[in-house]
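Structure, as C-alpha cells:
Number of protein chains: 2
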Amino acid sequence: MRPAGAVNPAGATHPAPRPGLRERKKRRTRDALLRAALELFTARGYERTTVDDIAEAVDVSQRTFFRYFASKEEAAFFVARLAEARFVDAVRARPPGEPPLEALRQSLAESWGSIGEAIEQLVPLELHMRFYQVIETTPALLAAHLRRATELEEEIARVIAEREGLDVDADPRPRVVVAVFGAVMRVTERIWSARGEATLGALRDLTAAYLDQVEPALTGDWRGDRPPLA
Amino acid sequence: MRPAGAVNPAGATHPAPRPGLRERKKRRTRDALLRAALELFTARGYERTTVDDIAEAVDVSQRTFFRYFASKEEAAFFVARLAEARFVDAVRARPPGEPPLEALRQSLAESWGSIGEAIEQLVPLELHMRFYQVIETTPALLAAHLRRATELEEEIARVIAEREGLDVDADPRPRVVVAVFGAVMRVTERIWSARGEATLGALRDLTAAYLDQVEPALTGDWRGDRPPLA
DNA sequence: GAGGCTAGTGACAGCCACTGACAGTTGACA
DNA sequence: TGTCAACTGTCAGTGGCTGTCACTAGCCTC
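Protein chains in written order, with the working numbering: chain A, 9 to 238; chain B, 9 to 238.
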C-alpha cells in the first residue's frame with residue numbers, strides 16, 4: 009500500500025468513518041516524520057540533514073521513512089502538494105465565461121485564502137513558509153520545485169483548454185497563458201523569498217503587482233515611466 | 009585546476025599559443041568522456057548508465073571522471089552551456105534601441121544560426137539534439153535543466169535591465185519579459201522534443217510560432233478564431 | 001640530459017540516498 | 001483467541017560522490 013497517498017479520496021460523502029488504530033498510528037508517524045524533516049531542513053539545511061537524522065528524530069528506522077516517502081525530496085514537497093491540489097481545484101471551479109488569465113488570478117487568491125488552516129493541521133504554517141527560503145537557496149530543491157511546477161502547468165493548461173473548448177495540442181494559447189502565469193509566479197516567489205518577510209500576504213501582494221506588469225513589460229515601449237514597486 | 013572551465017579565455021589576442029602535450033591530452037580525455045557520456049545516455053538512458061560505465065568506455069578510473077566533471081549532471085549539460093553562453097553574448101550585442109522582446113527573439117535566431125559548428129567540434133550535432141529528448145524524459149535531468157534555465161534568465165534580465173537603464177530590483181519589467189520569453193521557450197522545447205523531429209530548424213520554427221501567440225493568449229477574448237498551428 | 005617539481009591519475013575507503021529480501025511484531029477481524 | 005495481513009526493523013547491496021595517498025609522467029631548471 010501507499011502511506012503517502014492522497015489524504016482523502018475526493019468523493020467522500022460520509023462524515024468520516026473514524027479510521028482504525030492502525031490508520032491513526034500510521035498518520036501520526038507520517039506527520040511526525042514530516043514535521044521533523046521540515047524542522048531539520050530549515051534549521052540546518054536540506055543537504056546537511058540526512059534521512060537517518062530524520063528517522064532518528066522520530067525514532068523509527070531509515071527503512072520506515074522510505075515506506076512513507078519515496079524520497080527525501082518527496083517529504084520536502086509533501087505540504088506543497090496540498091496547496092497545488094487546492095489551486096487546481098479552484099481553477100476547475102471558476103465560472104466558464106471568465107477570461108483565462110483572470111480565472112488563474114482568482115483561483116490563486118482563493119486557494120491562498122483558505123490553504124493556511126489546511127497546512128496548519130499538518131505542520132506549523134510559519135515553518136512551511138520559512139521552508140520556501142530553503143527551497144529557493146538549495147539547488148537540488150529548487151530544481152525539483154521547478155520540475156513540479158511545470159508538471160502542474162501542464163495539468164492546468166489542460167483544464168484551461170477544456171474550459172475554452174480547445175485542443176491543447178492544436179492551439180498554443182492554453183499552454184502559453186499558463187506558462188506566462190507560472191513564470192510570473194516563480195519570479196515573485198524568488199524575490200519574495202529573498203526578502204525576509206516570509207508571509208502569505210506579502211507573497212500575494214507581490215504576485216498581484218507583478219501580474220499587473222506583464223502587459224507593460226511585453227509592449228516594446230518602456231518609456232512610459234511606469235512606477236516601479238516597493 | 010578546473011579542466012571543465014571556459015574553453016578559451018575571452019580576451020585571447022594571440023593566434024593560440026599551442027598548448028603543451030599535457031594540455032592536449034587532458035582535452036582529449038575530457039572530450040572522450042563527454043562523447044562517451046552522451047552516447048551512453050542517449051543509447052540506454054541517463055539513469056541506466058553509471059559513471060563507471062562512462063569511465064570504462066574511455067578506459068579511465070571513475071575518480072578521473074569526477075576530476076573533469078563535478079557531477080554526472082555537469083557532463084550532461086556541458087554542451088548546452090556553450091549554447092547558452094552564445095545566447096547571452098548575442099543579447100549583449102543587440103542594438104540598444106531595439107524593444108526587449110524583439111532583442112531576445114533576434115538573439116535566439118542569431119545564436120542558433122551559428123552554434124551548430126561550435127558544437128560539432130565537441131560532439132556530433134545530431135547526438136546533442138537527440139540528447140534533448142533524454143533530458144525532457146528524465147525527471148532528474150529535466151529538473152536540472154529548468155534550474156539552469158532560471159539562472160540563465162536572471163543573467164539575461166540583468167543585461168536587459170542594463171540596456172534599458174533600469175534597476176532589476178526596482179522595476180519588475182526586465183524579469184517579467186525574460187520570464188515570459190523563457191516560459192515560451194520551455195513550452196516549445198517540450199513539444200518539440202515530444203515530436204520526433206529533433207532538428208534545430210523544427211525547434212526554431214515552433215518557437216517563432218509560439219512567441220507570436222503570446223499576445224493573443226493574454227487577451228481575455230479567445231473567440232477570435234485564431235488559426236491553430238501544425 | 002639529469003634531476004626535481006607538480007599536475008594528473010588510479011586505487012581504496014567511506015558517506016549518503018535508496019532498494020530488495022527476510023523475519024519479527026502488532027492491529028484487524030473472524 | 002487465533003489467524004492473517006499490514007507494518008516495521010535489520011541487513012546487505014548499488015550508485016553518486018569525496019577525501020586521501022602513493023605513483024607516474026610531462027615540464028622546467030641547471
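The beta carbon of each residue, even a glycine, is placed where N, CA and C say it ideally should be.
Just so it is clear, the structure is predicted and the values come from calculations on it, not from any experiment.
Which listed residue (82/A, 38/A and 94/A) has its alpha carbon closest to that of residue 67/A: Looking at the Cα atoms, 38/A is the closest of the given residues.
Starting from residue 162/A, trace the alpha helix (DSSP H) in both directions and tell me its first and last residue. From DSSP, the alpha helix (DSSP H) with residue 162/A extends over 147-172.
Can you tell me the Cβ-Cβ gap for residue 227/A and residue 211/A, rounded? I've got them flagged as a contact below 8 Å. Actually they are not in contact, since the Cβ atoms of residue 227/A and residue 211/A sit about 26 Å apart, beyond 8 Å.
Determine which residues of the segment 137-171 of chain B have a Cβ less than 7 Å from any Cβ of chain A, and write them out in chain order. Sequence-ordered contacts of the segment 137-171 of chain B with chain A read 147, 150, 151, 152, 154, 155 and 158 [C-beta pairs closer than 7 Å].
Separation of residue 27/B from residue 16/B, as counted between CA atoms: Unreliable positioning characterises residue 16/B in this predicted model, as indicated by a pLDDT of 38, which lies under 50. A coordinate reading is not provided.
Should residue 49/A and residue 57/A be called a contact, given that it needs their Cβ atoms to be closer than 8 Å? When the beta-carbon positions are compared, residue 49/A and residue 57/A come within less than 8 Å of each other.
At a Cβ threshold of 8 Å, is residue 203/A touching chain B? Cβ-Cβ to chain B under 8 Å: no for residue 203/A.
Inspect the beta-carbon positions of residue 182/A and residue 176/A and report whether they are closer than 8 Å. Yes, they are a contact pair.
Between residue 221/B and chain A, is the shortest Cβ-Cβ distance under 8 Å, so that the two count as touching? Yes, its Cβ sits closer than 8 Å to a Cβ of chain A.
So, under 8 Å CB-CB, residue 87/A and residue 127/A are touching, yes? Tell me the CB distance rounded to an integer number of Å. Cβ atoms of residue 87/A and residue 127/A come within 8 Å of each other, at about 6 Å.
Quick one: is residue 190/B near chain A, going by C-beta distance under 8 Å? Yes, residue 190/B lies at the interface with chain A (some Cβ there is under 8 Å from its Cβ).
Nearest neighbour of residue 171/B, chosen from 102/B, 158/B, 117/B and 47/B [CA to CA]: Comparing Cα-Cα distances from residue 171/B to each of 102/B, 158/B, 117/B and 47/B, the minimum goes to 102/B.
Do residue 65/A and residue 140/A come within 8 Å of each other at the CB atom, strictly closer than that value? No, the Cβ-Cβ distance between residue 140/A and residue 65/A is not below 8 Å.
Straight-line Cα distance separating residue 106/A from residue 9/B: Confidence at residue 9/B is low in this model, with a pLDDT of 35, below 50, so the placement of that residue should be treated as unreliable; the coordinate-derived value is given next. CA-CA distance, residue 9/B to residue 106/A, rounds to 58 Å.
Strictly under 8 Å for the Cβ-Cβ distance: is residue 12/A near chain B by that measure? Its pLDDT being 35, under 50, residue 12/A is placed unreliably by the model, and nothing is read from it.
Quick one, which of 147/A, 152/A and 145/A has its alpha-carbon nearest residue 146/B's? In terms of Cα proximity to residue 146/B, the closest of 147/A, 152/A and 145/A is 152/A.
For residue 122/A, does the count of other Cβ atoms within 10 angstroms reach 16, so buried, or fall short, so exposed? Exposed, since its Cβ has fewer than 16 Cβ neighbours within 10 Å.
Any heavy atom of the ligand ADP within a distance shorter than 7 Å of the CB on residue 64/B? Inclusion of the ligand ADP in the displayed structure is not the case, the ligand content being empty and no account of it being possible.
Report buried or exposed for residue 159/B, applying the criterion of at least 16 other Cβ atoms within 10 angstroms of its Cβ. Exposed is the label assigned to residue 159/B, since fewer than 16 other Cβ atoms lie within 10 Å of its Cβ.
Only counting the same chain, and skipping five residues up and downstream in sequence, which positions put a Cβ closer than 7 Å to that of residue 164/A? Here the set comprises 96, 99 and 186.
If we count the other Cβ atoms within 10 Å of its Cβ and call it buried at 16 or more, is residue 221/A buried or exposed? Buried is the label assigned to residue 221/A, since at least 16 other Cβ atoms lie within 10 Å of its Cβ.
Three-state secondary structure assigned by DSSP to residue 55/B: If DSSP states are grouped into helix, strand and coil, residue 55/B belongs with coil.
Per-residue DSSP class, three states only, for residue 115/B: Note: residue 115/B maps to helix in three-state DSSP.
Endpoints, alpha helix (DSSP H) assigned at residue 231/A: Premise fails: residue 231/A is in no alpha helix (DSSP H) and is neither H nor E.
Same chain, Cβ closer than 6 Å to residue 136/A, neighbours up to 5 away in sequence not counted: These residues qualify, in order along the chain: 87 and 127.
Answer with buried or exposed for residue 108/B, where buried requires no fewer than 16 other C-beta atoms within 10 angstroms of its C-beta. Residue 108/B should be labelled buried.
Looking at the C-beta of residue 76/A, does it have a partner C-beta in chain B at a distance below 8 Å? Not one chain B Cβ lies under 8 Å of residue 76/A.
I'd like to know whether the C-beta of residue 15/A is nearer than 8 Å to at least one C-beta of chain B. Caution is warranted here: a pLDDT of 38 is assigned to residue 15/A, below 50, making its placement in the model unreliable, and the coordinate value is therefore given only provisionally. Chain B, which has no Cβ nearer than 8 Å to the Cβ of residue 15/A, makes this no.
Within 7 Å of chain A by C-beta, residues of the segment 39-54 of chain B in sequence order: Cβ proximity to chain A below 7 Å picks out nothing from the segment 39-54 of chain B.
What are the residues of the segment 68-97 of chain A that lie near chain B, defined by any Cβ-Cβ distance shorter than 7 Å? Look at the segment 68-97 of chain A: it has no residue with a C-beta under 7 Å from a C-beta of chain B.
In chain order, what residues of the same chain have a beta carbon less than 6 Å from the beta carbon of residue 148/A, not counting five sequence neighbours either side? Within the same chain, residue 148/A has no close Cβ partners at all.
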